[in-house]
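Student: Pasting a structure below so you can have a look.
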Amino acid sequence: MKKKNNERRSTSRFVEAMQSERPNMLRYARYRLGSREDAEDAVQDAFFMLCNREYGVGCDDIADLRGYLFRMLSNLCATRLRRTPYIEHLSTDVLRNLSAEQPSTFGQEYCKITLLLASIPDEQAEVIRLRIYGNKSFAEIAGILLLPLPTVKSRFRYGIDKIRKGMQPSHVEPLKAKK
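Residue numbering for the sequence shown follows UniProt numbering, beginning at 1 and increasing consecutively.
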């Protein structure tokens, strides 16, 4: 009887986390991957993996289930991105035009944000993505990335500062592909 109650509590915790975090996870994955379909696939894969864990090993040993979901999604997105080719080279004119114009479609907005985030170190970009698109607090991000809170805050601040500097016309430089 006690095992059944624990299973129900674990399952309800799992379902509640899936329902409450799905919109934030989709937004995060969409801005990370660039398409709604890829984002939906990545979120579905994360839920599927957690569901397998739920009925296999169990979720009771996961203290921060929401953080675990985002860490899993972040890893899935990184894996998908490693499998896709990067932009070879972007001219300064393209970057200046993207910085000056208001994006009118998701594709334009995604391109602008991707270029800006590509201009800063990956660890700073990931904190910014989780904060803005994942709708996570700094404390939650620290838990997801397994970092101290001051480190997360400084990565966010330094990343935003670098993006601001990069948006100034005198600081725009061509971006090269990451390898």
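Even glycine gets a Cβ: it sits at the ideal position worked out from N, Cα and C. Everything numeric in this text was worked out from a predicted model, so none of it was measured.
For Lys-81, I'd like the list of residues in its chain whose CB is within less than 6 Å of its CB, leaving aside the five on either flank, ordered along the chain.
Tutor: The amino acid occupying residue 81 in the given sequence is Leu; Lys does not appear at that position. Cβ within range, chain order: n/a, list empty.
Student: Kindly give me the distance between the Cβ atoms of Gly-134 and Asn-24, rounded to whole angstroms, as I take these residues to be in contact under 8 Å.
Tutor: About 5 Å separates the two Cβ atoms, so the contact holds.
Student: Looking at the structure shown, is Ser-20 part of a helix, part of a strand, or coil, going by DSSP?
Tutor: Here Ser-20 sits in helix by DSSP.
Student: Please state the DSSP three-state secondary structure of Asn-75.
Tutor: Helix, per DSSP.
Student: Can you list, in chain order, the residues of its chain with a C-beta nearer than 8 Å to that of Lys-153? Leave out the 5 residues immediately preceding and following it.
Tutor: Here the set comprises Phe-138.
Student: Reducing DSSP to helix, strand and coil, say where Gln-44 ends up.
Tutor: Gln-44: helix per DSSP, three-state reduction.
Student: Which residues bound the alpha helix (DSSP H) around Ala-142?
Tutor: First-last of the alpha helix (DSSP H) with Ala-142: 138-145.
Student: Tell me where the alpha helix (DSSP H) around Thr-84 begins and ends.
Tutor: Premise fails: Thr-84 is in no alpha helix (DSSP H) and is neither H nor E.
Student: Please say whether Ala-42 and Leu-33 have beta carbons closer to each other than 8 Å?
Tutor: Against a cut-off of 8 Å, the Cβ pair of Ala-42 and Leu-33 comes out as a contact.
Student: How about Tyr-28 and Leu-130: do their beta carbons lie closer than 8 Å?
Tutor: Yes, the Cβ-Cβ distance between Tyr-28 and Leu-130 is below 8 Å.
Student: Using a threshold of 8 Å, state whether the C-beta atoms of Lys-40 and Leu-26 are closer than that.
Tutor: Contrary to the premise, residue 40 reads as Glu rather than Lys in this sequence. Yes, they are a contact pair.
Student: From Gly-166 to Tyr-31, what does the alpha carbon distance come to, in whole angstroms?
Tutor: Rounded to whole angstroms, Gly-166 to Tyr-31 spans 20 Å at the Cα level.
Student: Run the CB neighbour count on Phe-70, radius 10 Å, all protein chains shown included, and call it buried at 16 or more, exposed below.
Tutor: The residue in question, Phe-70, is buried, as its Cβ has 16 or more Cβ neighbours within 10 Å.
Student: Given this structure, state the Cα-to-Cα distance separating Phe-106 from Ala-118, to the nearest angstrom.
Tutor: Near 18 Å, if we compare the C-alpha coordinates of Ala-118 and Phe-106.
Student: For Leu-116 and Ala-125, what's the separation of their Cα atoms in angstroms?
Tutor: If I take the Cα positions, the gap works out to 9 Å.
Student: May I ask which residues mark the beginning and end of the alpha helix (DSSP H) holding Gln-108?
Tutor: Element bounds for Gln-108: 106-118.
Student: Please return the same chain residues whose Cβ sits closer than 7 Å to the Cβ of Gly-143, not counting the five positions on each side in sequence.
Tutor: These residues qualify, in order along the chain: Asp-64 and Gly-67.
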